[in-house]
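For reference, the structure discussed in these notes is given below.
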Amino acid sequence: MSDNGTAYDVAKVRADFPLIENLAKGAKPLVYLDSAASTQKPRIVVEALSDFYLKDYANIHRGVHFLSQKATDAYEKARETARRFVNAREAAECIFVRNATEGVNLVASSYAKSRLKPGANIVLTTMEHHANIVPWQMALEGTGAELRVVPIDSRGVLDVEAFGKLVDENTVIAAFSYVSNVLGTVNPVKKLTAIAHDKGAKVLVDAAQAAPHRKIDVADIGCDFLVLSGHKIYGPTGIGLLYAKREILEKMPPYQGGGDMILTVSFEKTTYKGIPDRFEAGTPHIAGAVGMAAAMDYMERIGLANIEAHEAALLSRCREKLAPIPGLKEIGTAPGKAAVFSFTLEGVHPHDIGTFLDADNIAIRAGHHCAEPLMKFLKIPGTARASFGMYNTAEEVDKLATALEKIVKFFA
Amino acid sequence: MSDNGTAYDVAKVRADFPLIENLAKGAKPLVYLDSAASTQKPRIVVEALSDFYLKDYANIHRGVHFLSQKATDAYEKARETARRFVNAREAAECIFVRNATEGVNLVASSYAKSRLKPGANIVLTTMEHHANIVPWQMALEGTGAELRVVPIDSRGVLDVEAFGKLVDENTVIAAFSYVSNVLGTVNPVKKLTAIAHDKGAKVLVDAAQAAPHRKIDVADIGCDFLVLSGHKIYGPTGIGLLYAKREILEKMPPYQGGGDMILTVSFEKTTYKGIPDRFEAGTPHIAGAVGMAAAMDYMERIGLANIEAHEAALLSRCREKLAPIPGLKEIGTAPGKAAVFSFTLEGVHPHDIGTFLDADNIAIRAGHHCAEPLMKFLKIPGTARASFGMYNTAEEVDKLATALEKIVKFFA
Amino acid sequence: MNEMEELYREIILDHNKRPRNFHAMEDATHHADGHNPLCGDEIEVFVKVEGGKIADISFQGEGCAISKSSASLMTSALKGKTLDEAKRECGIVVAMLTGKTDSIPDELGDIAALQGVRQFPARIKCATLSWHTLEESLQGGKTASTE
Amino acid sequence: MNEMEELYREIILDHNKRPRNFHAMEDATHHADGHNPLCGDEIEVFVKVEGGKIADISFQGEGCAISKSSASLMTSALKGKTLDEAKRECGIVVAMLTGKTDSIPDELGDIAALQGVRQFPARIKCATLSWHTLEESLQGGKTASTE
Ligand SMILES: Cc1ncc(COP(=O)(O)O)c(C=O)c1O
Ligand SMILES: Cc1ncc(COP(=O)(O)O)c(C=O)c1O
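Protein chains in written order, with numbering that gives the first Met the number 0: chain A, 0 to 411; chain B, 0 to 411; chain C, 0 to 146; chain D, 0 to 146.
As structure tokens, then:
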């Protein structure tokens with residue numbers, strides 16, 4: 000049942016996604032199981048982009064003319080939509096960035112860097128995506144501060160107790176993913192945030208893989224920063240969101256300099272605007288913000304609880320159908336995990352699985368999934384990963400199972 | 000005559016721009032004279048975006064499946080188009096960024112910052128856009144290095160001799176605009192580059208306002224860096240180009256960290272990919288690159304020489320029609336200037352001009368145009384600016400003249 | 000009246016051409032700079048407070064017809080008022096200009112001429128600039144911005 | 000043959016299951032690490048050069064069927080060859096794999112089984128990895144001969 004009481008009809012949802020519909024009708028129907036890398040786009044998002052460019056387009060914040068006013072209104076309305084989507088207190092706490100990666104970089108550079116002194120530390124977890132590792136390493140470089148890594152168990156469950164010990168009074172930021180892009184693990188972000196706050200540490204939540212699957216509520220989590228990517232929530236490329244608390248943002252120096260973020264410029268002295276403008280230098284991705292807002296609206300209309308329930312059913316079926324396949328091992332078995340299914344096949348390298356499935360028109364991803372430290376911990380070179388979106392069906396899961404059985408025979 | 004021997008037909012060009020066509024047909028036909036802020040989009044660019052999302056979309060560089068391959072091919076083909084557009088030696092010298100502003104920030108942060116020591120200097124000009132001022136100020140902060148500003152004369156012509164004196168052996172970078180967004184001045188970028196190189200300084204050319212109007216040729220200019228914005232060359236928002244010479248890029252540390260830019264990651268040590276990947280962290284604006292390439296293709300098909308000639312004719316007519324208006328003063332009278340027409344009206348503030356013209360459905364821009372130091376030099380609070388694109392017509396210029404005459408009467 | 004005549008009423012045009020109290024003030028007790036980054040308008044407001052009253056008030060700076068006439072109207076209206084009255088009036092005017100209230104109280108007098116700005120969202124900040132700057136100066140602040 | 004059988008020929012599957020020369024080498028004169036960041040394949044190539052000839056060659060590491068069999072085929076083919084012959088063969092194989100040439104010289108022998116990869120752009124780097132690593136090791140062999 001959907002949020003508003005109607006049954007979830009995956010056929011209807013699929014009809015909203017032209018690429019899914021059209022490629023499914025081909026001679027070899029495409030089965031797209033790579034939504035964790037990026038989601039396909041509903042027609043309504045693509046139309047929002049076209050409509051904006053063809054009817055309301057102009058640069059924002061600058062012109063006195065009505066087109067510019069219209070475009071500015073659309074852009075700021077998108078910010079309000081983003082606010083609602085993550086349940087921030089005010090739109091000014093929502094900064095438009097290129098992607099989740101840029102969000103982390105902005106925080107690492109403008110917030111953390113100046114606070115990283117010898118004795119200070121940053122706390123990450125073993126399961127982080129490179130986007131939530133490399134920016135911190137770059138910020139740490141040459142500071143004498145320390146990187147601490149919270150371990151996980153063999154199921155992919157975070158060691159909360161160890162987290163509580165690693166975070167201390169010298170922790171500048173604890174940064175962790177809400178949902179792991181490899182294991183599907185859903186971390187107890189609210190609890191982790193409370194623990195970190197108890198020690199006086201700030202918290203960044205990488206919600207890149209959570210936002211496609213569940214309601215994000217920064218007020219409930221209590222985190223200081225949260226990042227997500229538009230392209231992973233059925234929106235356009237080149238746009239993402241950094242949420243941060245007003246009182247923190249206000250004290251942060253700008254990240255990039257340029258037009259639209261300054262109050263006054265002279266060669267002697269330049270002063271900056273308040274938030275959010277200070278963090279959006281130059282002409283922003285106006286259409287991207289509008290498109291991401293359309294995607295957020297769409298997800299809310301379908302209902303986040305519906306999406307979560309539908310994907311949970313797909314994950315169950317996937318487990319059930321794939322478990323009997325000889326040599327197949329599910330990687331990541333945390334209770335309540337999200338619809339990201341990583342696995343290995345004995346004697347068959349993930350990359351070969353990927354190629355085989357592609358020949359059967361099943362798109363999955365194979366490799367380290369930008370999580371090399373996790374692979375090292377798991378002592379595997381990579382996994383094959385089937386990841387689900389709101390448009391996937393039980394039949395597609397069955398096709399995956401059938402194809403995998405063929406592969407096992409081929410390499411036997 | 001166009002590059003391929005057919006006459007330039009502005010009516011045909013207009014037909015390519017749905018917003019221009021549709022709004023021109025309204026009860027009060029829109030006259031869009033704000034292309035220097037951002038250009039409108041031809042249908043073909045919007046369709047390139049839609050087609051990409053609806054037919055070929057997937058994340059790039061990562062998947063073994065055919066959609067991902069198709070998307071990767073489209074993205075790298077866009078890079079090759081960008082290479083051709085600016086005449087770089089190789090596609091790897093073309094980095095996709097958000098906009099010109101981000102291009103300057105990347106260079107200021109990754110190239111200049113580490114070289115700014117006491118005694119060192121950066122050379123800019125009086126006519127720069129904030130995008131080519133603030134990033135340098137941010138990089139200079141706390142380094143003890145110096146900012147030098149090359150003067151201009153009352154026409155808006157750069158003092159090349161002074162440039163030659165201000166640039167010295169301690170100059171890290173000389174950064175200047177190709178075309179001024181306020182004055183229309185076309186700077187002698189090739190000559191300036193040669194002068195700077197003689198002193199051993201590197202050169203960044205801000206081509207944000209040149210790229211819409213004329214052929215960009217980095218091989219001919221010889222510059223080390225060049226930036227431009229997609230949204231100003233009839234392309235999408237959220238995408239721009241940083242050109243840089245391979246030998247310089249190769250020595251530059253990454254700007255942002257994340258996925259897609261690393262070779263190996265471990266918590267102990269991370270190594271980075273070569274160019275251009277090292278500078279494109281996270282999922283890039285794939286559709287934006289494809290859309291900007293479509294815009295570049297379109298401009299080349301119309302012919303850059305044709306666009307330049309058409310706009311020069313519009314500028315002449317503008318001068319001719321506006322010169323007789325009492326109290327009107329053209330700001331920026333450099334010989335051979337581009338189709339950017341700034342002016343003031345005695346006794347009428349630019350902002351009031353903008354509102355009046357808007358009431359007549361003529362979209363111009365009023366204010367400091369993100370060039371406050373230039374305004375201070377000119378001792379004016381701002382200008383009204385009519386800027387032309389390939390779709391503007393002589394009749395539109397005449398409408399501007401008529402409307403301005405009305406304003407003069409109103410405020411008399 | 001067409002929309003331009005509605006925005007630029009006679010009173011506005013008059014105050015724009017002949018701004019009242021348009022000068023610096025040496026012995027001001029309160030002073031603030033106002034800045035509208037959108038259009039570059041810059042204004043300085045000077046106030047001399049004596050015995051809880053605005054004994055004198057003036058402004059100078061660069062601005063469009065709306066911001067200049069708004070400042071001129073403001074100084075004309077507030078001279079001689081008590082601080083409480085002035086602050087109250089600031090609140091009423093800003094509420095009117097930003098469309099927070101529909102009614103135009105009679106007490107506003109000439110200032111009501113600014114109401115046309117409500118139809119021009121891009122210009123509202125021009126009209127509120129001097130009022131925000133005055134509020135800032137009375138609070139002891141140095142700069143106000145309408146970004 | 001369907002495209003999968005074309006890519007994963009018997010010879011490939013055989014070398015994947017039973018890779019030849021799949022071990023480290025203590026007394027190697029040349030050595031390099033190869034890395035394919037796309038799929039995470041990692042390979043180490045060891046070469047013992049004696050009298051201008053490849054006296055011994057081996058590899059180890061993690062990789063897909065294509066990269067593993069390619070390395071295995073390479074070591075089998077090059078053992079005993081002169082350095083010039085080996086370098087020439089590297090060039091020929093890489094040209095074949097990357098589609099720079101259409102012809103498959105007879106001299107390639109079993110290595111020709113790798114040709115199916117040309118239809119799979121995403122996999123070409125898997126097939127060329129060991130060859131590039133060998134080239135790297137031989138180029139570095141001169142300056143790193145004291146290790
Ligand atoms: C000369 C010049 N440089 C740089 C820029 C910055 O462009 P963007 O806002 O697209 O980064 C502009 C845009 O107004 C410009 O006119
Ligand atoms: C958990 C996680 N964090 C961050 C990212 C980075 O996202 P983007 O590439 O859109 O910046 C990803 C994407 O793969 C991810 O899965």
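Built from N, CA and C at the ideal position, the CB exists for glycine as well.
Here the structure is a predicted model, which is why all the values come from computation and not from measurement.
{"query": "Beta-carbon contacts of Glu61(D) that lie in its chain and below 7 Å, excluding the five residues immediately before and after", "result": "Asp40 and Glu41"}
{"query": "Exposure label - Lys11(A); buried when at least 16 CB within 10 Å", "result": "exposed"}
{"query": "Collapsed DSSP secondary structure at Gln59(D) in the structure displayed", "result": "strand"}
{"query": "Proximity winner among Thr332(B), Glu267(B), Glu329(B) and Thr343(B), relative to Gln136(A) (alpha-carbon distances)", "result": "Glu267(B)"}
{"query": "Any C-beta of chain B under 8 Å from that of His30(D)", "result": "no"}
{"query": "Three-pair Cβ contact test at 8 Å for the segment 72-86 of chain A versus the segment 174-193 of chain A", "result": "no"}
{"query": "Best match in Gly381(A), Ser315(A), Ala308(A) and Glu404(A) for proximity to Ile324(A) [C-alpha to C-alpha]", "result": "Glu404(A)"}
{"query": "Counterpart residues of Lys52(D) in DSSP-defined beta bridges", "result": "Glu49(D) and Thr81(D)"}
{"query": "Cβ-based burial, Ala174(B) [other Cβ within 10 Å; buried from 16]", "result": "buried"}
{"query": "Check: Val35(B) C-beta below 7 Å from any heavy atom of ligand 1", "result": "Residue 35(B) is actually Ala in this sequence, not Val. Yes, the Cβ of Ala35(B) comes within 7 Å of a heavy atom of ligand 1."}
{"query": "Distance CB(Ala210(A))-CB(Val202(A)) smaller than 8 Å", "result": "no"}
{"query": "Check: His128(A) C-beta below 7 Å from any heavy atom of ligand 2", "result": "yes"}
{"query": "Cross-chain neighbours of Ala64(C) in chain B, by beta carbon under 7 Å", "result": "His348 and Asp351"}
{"query": "Minimum Cβ-Cβ distance from Gln68(B) to chain D less than 8 Å", "result": "yes"}
{"query": "Continuous beta strand (DSSP E) stretch holding Phe409(A): start and end", "result": "That residue, Phe409(A), is in no beta strand (DSSP E); its alpha helix (DSSP H) goes Ala393 to Phe410."}
{"query": "Cα-Cα separation, Leu133(D) to Ile11(D)", "result": "20 Å"}
{"query": "Same chain, Cβ closer than 7 Å to Gly108(D), five either side skipped, listed in chain order", "result": "Ala76"}
{"query": "CB of Asp33(A) within 8 Å of CB of His64(B), strictly", "result": "yes"}
{"query": "Chain-ordered chain B contacts of Gly143(A) [CB-CB under 7 Å]", "result": "Per Cβ cutoff of 7 Å: no residues; Gly143(A) is ~16 Å from chain B at best."}
{"query": "Distance, Tyr177(B) Cα to Arg187(B) Cα", "result": "Note that residue 187(B) corresponds to Pro in the displayed sequence, not to Arg. So the alpha carbons of these two residues sit roughly 8 Å apart."}
{"query": "Sufficient close CB pairs (3 or more, under 8 Å) joining the segment 227-239 of chain B to the segment 103-113 of chain A", "result": "no"}
{"query": "Pro150(B) versus Ser179(B): straight-line alpha-carbon distance, rounded", "result": "14 Å"}
{"query": "Same chain, Cβ closer than 7 Å to Ser37(A), neighbours up to 5 away in sequence not counted", "result": "His230 and Lys231"}
{"query": "Cα-Cα separation, Ile56(C) to Gly115(C)", "result": "25 Å"}
{"query": "Contact with chain B by Ala411(A), beta-carbon distance below 8 Å", "result": "no"}
{"query": "Boundaries (first-last residue) of the beta strand (DSSP E) holding Glu145(A)", "result": "Glu145 to Val149"}
{"query": "Proximal chain A residues relative to Ala126(C), where beta-carbon distance stays under 9 Å", "result": "Result: empty, since nearest Cβ-Cβ is about 14 Å, beyond 9 Å."}
{"query": "Min CB distance Pro380(A) to chain D below 8 Å", "result": "yes"}
{"query": "Minimum Cβ-Cβ distance from Gln208(A) to chain B less than 8 Å", "result": "no"}
{"query": "Length of the line joining the Cα atoms of His309(A) and Ala35(A)", "result": "16 Å"}
{"query": "Exposure of Gly4(A), with buried meaning 16 or more beta-carbon neighbours within 10 Å", "result": "Only weak support exists for where Gly4(A) lies, its pLDDT of 48 falling under 50; the value from the coordinates is given anyway. Under this definition Gly4(A) is an exposed residue."}
{"query": "Any non-hydrogen atom of ligand 2 closer than 7 Å to Lys231(A) Cβ", "result": "yes"}
{"query": "Residues bridged to Asn35(D) [DSSP beta-bridge criterion]", "result": "Asp40(D)"}
{"query": "Strand pairing of Gly366(B), partner residues [DSSP]", "result": "Thr382(B)"}
{"query": "Per-residue DSSP class, three states only, for Glu329(B)", "result": "strand"}
{"query": "Proximity below 8 Å, CB of Lys272(B) to CB of Pro36(D)", "result": "yes"}
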